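Peer 1: Questions regarding the structure given below will be posed in turn.
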Amino acid sequence: MIEPSILLNELALILYVIAAICYGASLVLLAPKAPSTNNTSLLLWARVALVSAILLQLAATGSWCVLTHLSPFASKYGTLAVMAWTLAILLLFFDLRLRLRALGAAASPIVILFLVLGLLNTNSPLAKNRMIETQVVSLHVMTIVAGIALFVLAFACACLYLLQNRLLKARRVAGPFRLLPPLATLDRAAYLSVAYGLPLLTLGLALGVAYIFYLHTSPLLWLADPHNLAAFLTWFLYAFYLLARLAFGWRGIRLQYVLVAGLPFLLILYLLPSPTHHFPQ
351 MIEPSILLNE LALILYVIAA ICYGASLVLL APKAPSTNNT SLLLWARVAL VSAILLQLAA
411 TGSWCVLTHL SPFASKYGTL AVMAWTLAIL LLFFDLRLRL RALGAAASPI VILFLVLGLL
471 NTNSPLAKNR MIETQVVSLH VMTIVAGIAL FVLAFACACL YLLQNRLLKA RRVAGPFRLL
531 PPLATLDRAA YLSVAYGLPL LTLGLALGVA YIFYLHTSPL LWLADPHNLA AFLTWFLYAF
591 YLLARLAFGW RGIRLQYVLV AGLPFLLILY LLPSPTHHFP Q
């Protein structure tokens with residue numbers, strides 16, 4: 351494994367941890383009645399650390415590609431690192447666009463988890479088959495990675511929604527919980543995540559199917575792959591979320607539970623073995 355890439359990702363991991371701490375501390379130290387209510391520098395430090403980590407990961411991926419002449423998706427290490435990087439970019443966008451510091455506190459640990467898993471797989475085998483280097487396959491993987499990252503953010507928003515809803519019903523919204531975003535803001539952020547994530551997943555799946563037919567590989571073998579079946583089940587779950595909201599008029603808690611149920615589907619999608627996604631040398 352190439353040392354510069356690992357070193358840069360390890361530095362990025364440290365900065366992600368700093369960002370997570372600052373996001374979490376801002377909920378406590380900037381809460382009403384807290385002694386340090388005027389201390390707004392925590393959010394600035396969180397964002398600076400997050401942006402710096404994103405840039406370090408960009409450099410890490412670039413050094414990997416230059417030194418190995420391979421796509422970052424040629425190994426588990428690279429794929430998981432790109433997943434963390436993509437999620438961090440989306441988290442930064444949502445934070446700056448919707449002022450969701452609570453989402454930063456909830457989702458930044460997930461960014462850390464993905465990057466830690468990637469660093470634990472630095473010795474994973476490399477796929478040097480030319481198939482993985484094609485633009486179609488790279489776009490196929492990148493769109494699916496981006497879609498999954500958006501679904502992870504939707505899961506985080508749904509969890510915050512359910513927490514905020516429960517606190518409001520119990521009339522226990524106090525301290526740092528008073529800085530949780532309004533339910534409407536969390537619902538909108540979750541909806542936007544799925545609204546953008548589902549087309550990306552659709553494009554990724556369509557590219558995969560088209561490439562299978564281009565290679566004249568048996569479609570039955572592809573359809574029998576449990577990994578691919580899980581991908582389509584995931585697609586149907588999030589399509590149902592949009593259908594339930596836009597066609598059936600669902601609102602509130604029921605929709606959030608659909609998004610919470612999406613996380614096991616995403617985990618299954620990652621963990622299931624896939625005979626059609628092996629790229630031997």
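Residue numbers for the sequence shown follow my numbering, beginning at 351 and rising by one.
Glycine included, every Cβ here is placed at the ideal spot set by N, Cα and C.
Bear in mind that the values here come from a model prediction, so they are computed numbers and not experimental data.
(1) So the candidates are I404, C509, A403, Y373; which of them puts its Cα closest to the Cα of L392?
(2) Pick helix, strand or coil for D575, following the three-state DSSP scheme.
(3) Is the beta carbon of L400 closer than 8 Å to that of A438?
(4) Among the candidates V461, L621, L550, whose CA atom is the shortest distance from the CA of Y588?
(5) So, with DSSP's three-state summary, where would you put N388?
(6) Could you check the C-alpha separation between I368 and A396 for me, to the nearest Å?
(7) Is it the case that the Cβ atoms of Y427 and G468 are separated by a distance below 8 Å?
(8) Between V491 and the rest of its own chain, which residues show a CB-CB distance below 6 Å, the 5 nearest in sequence each way excluded?
(9) For V461, tell me which candidate among L365, Y561, A539 has the shortest Cα-Cα distance.
(10) Output the distance between the C-alpha atoms of T429 and V502, rounded to the nearest integer angstrom.
Peer 2: Looking at the coordinates:
(1) Nearest C-alpha to L392: Y373.
(2) Coil.
(3) yes
(4) L550
(5) Bear in mind that the predicted position of N388 carries a pLDDT of just 47, short of 50, making it too unreliable to give a figure here.
(6) 7 Å
(7) yes
(8) F423
(9) L365
(10) C-alpha separation (whole angstroms): 16 Å.
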